[in-house]
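Asker:
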Amino acid sequence: MEVIRMNTHNKKEPILQLEGICKSFPGVQALKGVDFSLWAGEVRGLVGGNGAGKSTLMNVLGGVINPDVGKIIINGQTVTIDNPAVAEQLGVSFIHQELSLFENMDIATNIFIQHLPQHKGVINYKKLYEESKKILDIVGLSHRKPSQAVSSLSMGERQLVEIARCLSQKTKILVLDEPTSSLTSPEIQILFKLMRDLKEQDVSIVFISHRFDEVYEICDNITIMRDGTNIATKPIADIEKMEVVRLMIGRELSEMYDHERVEPGKDLLEVKNLTRKNAFSNISFKLRAGEVIGLYGLLGSGRTELVRSIFGLDPFDNGEVYVEGKKVQIHKPGDAIKNGIALITEDRRGEGLVIDQSVQSNLVLANLSRFSKKGIIMDAKKEQLIGKENINRFKIATSNLKKTVGFLSGGNQQKVVIAKWINTKPSILILDEPTRGIDVGAKKEIYKITDELLKEGVGVFLISSELPELLGMCDRIIVIKNGREVAEFGSDEITNEKILYAAMGVN
118 MEVIRMNTHN KKEPILQLEG ICKSFPGVQA LKGVDFSLWA GEVRGLVGGN
168 GAGKSTLMNV LGGVINPDVG KIIINGQTVT IDNPAVAEQL GVSFIHQELS
218 LFENMDIATN IFIQHLPQHK GVINYKKLYE ESKKILDIVG LSHRKPSQAV
268 SSLSMGERQL VEIARCLSQK TKILVLDEPT SSLTSPEIQI LFKLMRDLKE
318 QDVSIVFISH RFDEVYEICD NITIMRDGTN IATKPIADIE KMEVVRLMIG
368 RELSEMYDHE RVEPGKDLLE VKNLTRKNAF SNISFKLRAG EVIGLYGLLG
418 SGRTELVRSI FGLDPFDNGE VYVEGKKVQI HKPGDAIKNG IALITEDRRG
468 EGLVIDQSVQ SNLVLANLSR FSKKGIIMDA KKEQLIGKEN INRFKIATSN
518 LKKTVGFLSG GNQQKVVIAK WINTKPSILI LDEPTRGIDV GAKKEIYKIT
568 DELLKEGVGV FLISSELPEL LGMCDRIIVI KNGREVAEFG SDEITNEKIL
618 YAAMGVN
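Residue numbers (my numbering): 118 to 624.
(1) Please classify N509 as buried or exposed, where buried requires at least 16 neighbouring CB atoms within 10 angstroms.
(2) DSSP puts K505 in a beta bridge; with which residues?
(3) Buried or exposed: which applies to G137, given that a residue is buried once 16 or more other Cβ atoms fall within 10 Å of its Cβ?
(4) CA-CA distance, I190 and V196?
(5) Less than 9 Å between the C-beta atoms of I594 and I410, yes or no?
(6) At which residues does the alpha helix (DSSP H) containing M272 begin and terminate?
(7) Could you tell me how far apart the beta carbons of I339 and I132 are, in whole angstroms, since I believe they sit closer than 8 Å?
(8) Do the CB positions of E586 and T612 come within less than 9 Å of each other?
(9) Using C-beta distances below 7 Å, list every residue in its chain close to R378, excluding the 5 sequence neighbours before and after it, in chain order.
(10) On a CA-only basis, which of K140, I580, G407, M621 is nearest N183? Give me that one, please.
(11) Roughly how many angstroms lie between the CA atoms of K403 and K537, to the nearest whole one?
(12) Under 8 Å: does the beta carbon of K505 sit that close to some heavy atom of the ligand ATP?
(13) Tell me the DSSP secondary structure of Q92 in three-state form.
(14) Within the same chain, show all residues whose beta-carbon is closer than 7 Å to that of I341, passing over the 5 residues directly before and after it, in chain order.
(15) Can at least three beta-carbon pairs, one atom from the segment 437-457 and one from the segment 519-527, be found at a separation below 8 Å?
(16) Going by CA-CA distance only, name the one from K532, T521, P543 that's closest to D452.
(17) With DSSP as the reference, label P201 as helix, strand or coil.
(18) Quick check: what's the CA-CA separation for S475 versus Q286?
(19) Could you pull the start and end residues of the alpha helix (DSSP H) that S426 belongs to?
(20) Comparing C-alpha positions only, which one of S326, E357, E610, L135 sits nearest to Q194?
(21) Out of curiosity, what's the CA-to-CA distance linking I255 and S302?
(22) Strictly by DSSP, which residues pair up with S141?
(23) Can you tell me whether F433 is buried or exposed, with buried defined as 16 or more other CB within 10 angstroms of its CB?
(24) Mind checking S210: buried by the 16 CB within 10 Å criterion, or exposed?
(25) Run through DSSP, which three-state label would L470 get?
(26) So, helix, strand or coil for F309, using DSSP?
(27) To which residues does DSSP link I290 through a beta bridge?
(28) Could you work out which residue in E408, K389, V292, R405 is closest to N399 when comparing CA atoms only?
(29) For D337, report the span of its alpha helix (DSSP H) as first-last.
(30) So, do the segment 231-247 and the segment 318-328 have three or more beta carbon pairs nearer to each other than 8 Å?
(31) Give me the Cα-Cα distance between K561 and M590, rounded to the nearest whole angstrom.
(32) Can you name the start and end residues of the alpha helix (DSSP H) that D431 belongs to?
(33) Bridge partners for D185 per DSSP, in chain order?
(34) Beta-carbon within less than 6 Å of L546's beta-carbon, same chain only, minus the 5 sequence neighbours each way: which residues are those?
(35) Give me the Cβ distance between Q531 and Q501, rounded to the nearest whole Å; I'm assuming they're in contact under 8 Å.
(36) Can you name the start and end residues of the alpha helix (DSSP H) that G527 belongs to?
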């Protein structure tokens, strides 16, 4: 592991220390002994690829997730933060990409929602509006009335109201998670001015972002995470953007990607100028039989929204979809299934499985008509037969078909999801983060299943946050940023660096 230590900050002691933080989830160790220190009045950039552990680490600080091992020290005192309320009491506030304001309430109520000034149980609106006006002046919203509805504000102004709420709670550590993703350029500059003002007041800020230009504009220091570890922390002036990208990647392809490339056949799927408002715009590509196309994009790029639209979960506004050269109308998942399209979503427990039902029931869910008599009564013999075939073919580790699927490991749950969709006999298989949160052995088995399908002429569209997975499995990789295709690479020109540079807009 390459670790580069930051130059000593001008403050003697850090306001925040996270020491040896470890956190595991089923099938994955998200944090591996992470150390992280933050000084008063510092703006720290926190970067890393999808799944690097950035959000998990900050969720530990915010009391959303309890660590398995490690210490949290604030102002020299070891503290236990087991819920968000404790974090707020200690002066730690968060602003997430998805804002948490109440749009039907006024600005003042949103700012002081957790500690409204009251007298004998009645809200003191005069005091509420007076205190709100003071904070609105600080965050650059002096032109807005405290009594104004939040719904009338722009996204940038709502972001500033979120910060105003934090200031009303005497925040000393402010975590901003992708705060500029929905802001215009002028709104971003207003936010940055406020951040500089807060810095002068010794408020410490953690700035999580995939936008390198912004990190380099506003941050004093940068921490780079990879695979649940703090790889490097350095002054922003001492590290080039390309070096940051190199540290974010930091690994070679594993031997586990023993992918046999298949000569692509006929066109199976073509999308032309697919567009959905506020999600993606003018996306076009072709997928051929036996081919794997990878789709890469950072948080908020629109990659998942794109495949959900192709599958009919979230219909697109404009564009055309062709299956084997024929234009098709896809308004709902049933339309996609009839046209040979299957989607394995990134949320296997929430959308891929009925978690409290049996393995057998889940295996036939996507194609009930095939396993029922006249589409009404389930054919128990046929259902059991296909269940046994699936267990053998996909190596699903279960003692019996009647076992509740929720009791299987993450890898075996994912194999049930894949088997369920393969039972629909698709010609086009869309995989959205198919190996997230599963162990290495299960990953290899899923790659093997994918290779078998390719040899049968299935076309695969693969979304993954793991660059080695994309490089090891794909014939081509499309990169999207802010809902638009920004690059496409063939197998002979794909590198980790090229993909990340394109996704981050680094020239």
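Cβ atoms here follow ideal geometry from the backbone N, Cα and C, with glycine treated the same way.
Answerer: Checking against the coordinates, here is how it stands:
(1) Indexing the sequence shown from 1 puts residue 509 at position 392. Under the 10 Å beta carbon count, N509 is surrounded by fewer than 16 other beta carbons and is classified as exposed.
(2) As a working note, residue 505 is residue 388 in the sequence shown. Secondary-structure assignment with DSSP links K505 through no beta bridge to anything.
(3) In the sequence shown, the residue the question calls residue 137 occupies position 20. Exposed is the call here.
(4) Here residue 190 refers to the residue found at position 73 when the sequence shown is read from its first residue. Here residue 196 refers to the residue found at position 79 when the sequence shown is read from its first residue. A straight-line Cα-Cα distance of about 6 Å links I190 and V196.
(5) Locating residue 594 in the sequence shown gives position 477, where the first residue counts as 1. Locating residue 410 in the sequence shown gives position 293, where the first residue counts as 1. Closer than 9 Å, so yes.
(6) Reading the sequence shown from its first residue, position 155 is the one you call residue 272. Counting along the chain, M272 sits inside the alpha helix (DSSP H) bounded by residues 272-285.
(7) The count along the sequence shown starts at 1 and reaches residue 339 at position 222. The count along the sequence shown starts at 1 and reaches residue 132 at position 15. Rounded to whole angstroms, the Cβ separation of I339 and I132 is 18 Å, and the two are not in contact under 8 Å.
(8) For the purposes of this step, residue 586 is taken as the residue at position 469 of the sequence shown. For the purposes of this step, residue 612 is taken as the residue at position 495 of the sequence shown. Contact check for E586 against T612 fails: the beta carbons are separated by 9 Å or more.
(9) In the sequence shown, counting from the first residue as 1, residue 378 sits at position 261. Excluding sequence neighbours, R378 sits near D592.
(10) What you label residue 183 is simply residue 66 of the sequence shown in a count that begins at 1. Its Cα nearest to that of N183, the residue K140 stands out among K140, I580, G407, M621.
(11) For the purposes of this step, residue 403 is identified with residue 286 of the sequence shown, where counting begins at 1. For the purposes of this step, residue 537 is identified with residue 420 of the sequence shown, where counting begins at 1. For K403 and K537, the distance between alpha carbons rounds to 25 Å.
(12) Absent from the structure shown: the ligand ATP. Ligands present: none.
(13) This structure leaves residue 92 out entirely; the chain is present only between 118 and 624.
(14) As a position in the sequence shown, residue 341 is number 224, starting the count at 1. Excluding sequence positions up to five before and after I341, its CB lies within less than 7 Å of the CB of V164, G165, I348, A349, V361, L364, M365, all in the same chain and listed in chain order.
(15) Contact between the segment 437-457 and the segment 519-527 is absent, because fewer than three Cβ pairs lie under 8 Å.
(16) Position 335 of the sequence shown, counted from the first residue, corresponds to residue 452. Closest option to D452, Cα to Cα, is P543.
(17) Residue 201 sits at position 84 when you count from the first residue of the sequence shown. Note: P201 maps to helix in three-state DSSP.
(18) Position 358 of the sequence shown holds residue 475. Position 169 of the sequence shown holds residue 286. In a straight line, the C-alpha of S475 is about 48 Å away from that of Q286.
(19) Taking the first residue of the sequence shown as 1, we reach residue 426 at position 309. Looking at the DSSP string, the run of the alpha helix (DSSP H) that includes S426 is 420-427.
(20) Reading the sequence shown from its first residue, position 77 is the one you call residue 194. Closest in alpha carbon position to Q194, among S326, E357, E610, L135, is L135.
(21) Position 138 of the sequence shown, counted from the start, is the residue given in the question as residue 255. Position 185 of the sequence shown, counted from the start, is the residue given in the question as residue 302. Those two C-alpha atoms are separated by around 20 Å.
(22) For the purposes of this step, residue 141 is identified with residue 24 of the sequence shown, where counting begins at 1. Looking at the DSSP assignment, S141 forms a beta bridge with Q146.
(23) Along the sequence shown, read from residue 1 onward, the residue named residue 433 stands at position 316. F433 comes out buried.
(24) Numbered from 1 along the sequence shown, position 93 holds the residue referred to as residue 210. The residue in question, S210, is buried, as its Cβ has 16 or more Cβ neighbours within 10 Å.
(25) Looking up residue 470 in the sequence shown gives position 353. Here L470 sits in coil by DSSP.
(26) Within the sequence shown, residue 309 is the residue found at index 192, counting from 1. Taken through DSSP and simplified to helix, strand or coil, F309 comes out as helix.
(27) Residue numbering aside, residue 290 sits at position 173 when the sequence shown is read from its first letter. Per DSSP, the beta-bridge partners of I290 are V209, S321.
(28) Your numbering for residue 399 matches position 282 in the sequence shown. Of the listed residues, the one whose Cα sits closest to N399 is K389.
(29) Counted from its first residue, the sequence shown places residue 337 at position 220. Element bounds for D337: n/a, residue is neither H nor E.
(30) As far as the Cβ criterion goes, the segment 231-247 does not touch the segment 318-328, which means the pair count is below three.
(31) If you number the sequence shown from 1, residue 561 lands on position 444. If you number the sequence shown from 1, residue 590 lands on position 473. Straight across, the Cα-Cα distance linking K561 with M590 is about 11 Å.
(32) Position 314 of the sequence shown, counting from 1, holds the residue named residue 431. No alpha helix (DSSP H) contains D431, which DSSP labels as neither H nor E.
(33) What you label residue 185 is simply residue 68 of the sequence shown in a count that begins at 1. DSSP, once it has assigned bridges, lists no residue as partnering D185.
(34) The residue given as residue 546 occupies position 429 in the sequence shown. A459, V575, V577, listed in sequence order.
(35) Here residue 531 refers to the residue found at position 414 of the sequence shown. Here residue 501 refers to the residue found at position 384 of the sequence shown. No, Q531 and Q501 are not in contact; Cβ-Cβ is about 22 Å, not under 8 Å.
(36) Position 410 of the sequence shown holds residue 527. Segment 527-539, the alpha helix (DSSP H) holding G527.
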